[in-house]
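Residue numbers (this note's numbering): 5 to 61.
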């Protein structure tokens with residue numbers, strides 16, 4: 005499994021969570037919104053290339 009320090013794109017997070025069907029793009033949008041919400045709250049960091057990483061303090 006890839007480390008969150010390296011970063012994960014939304015599709016990779018969806019693969020790790022078997023409840024999300026990653027073959028359908030519209031199924032990824034709610035997951036992406038949740039990842040952005042975690043970014044807003046300071047739990048994750050969104051990189052300029054669209055990857056999500058853990059927040060390093």
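Glycine is no exception: its CB is placed at the ideal position from the N, C-alpha and C atoms.
Note that the structure is predicted; figures quoted are calculated from it, not measured.
If you draw a straight line from the Cα of residue 32 to the Cα of residue 38, it is about 10 Å long. When only Cα atoms are considered, residue 35 and residue 57 end up about 15 Å apart. Under DSSP, the beta-bridge partners assigned to residue 48 are 58.
In the assembly as shown, residue 18 is a buried residue. Its beta-carbon has 16 or more other beta-carbons within 10 Å.
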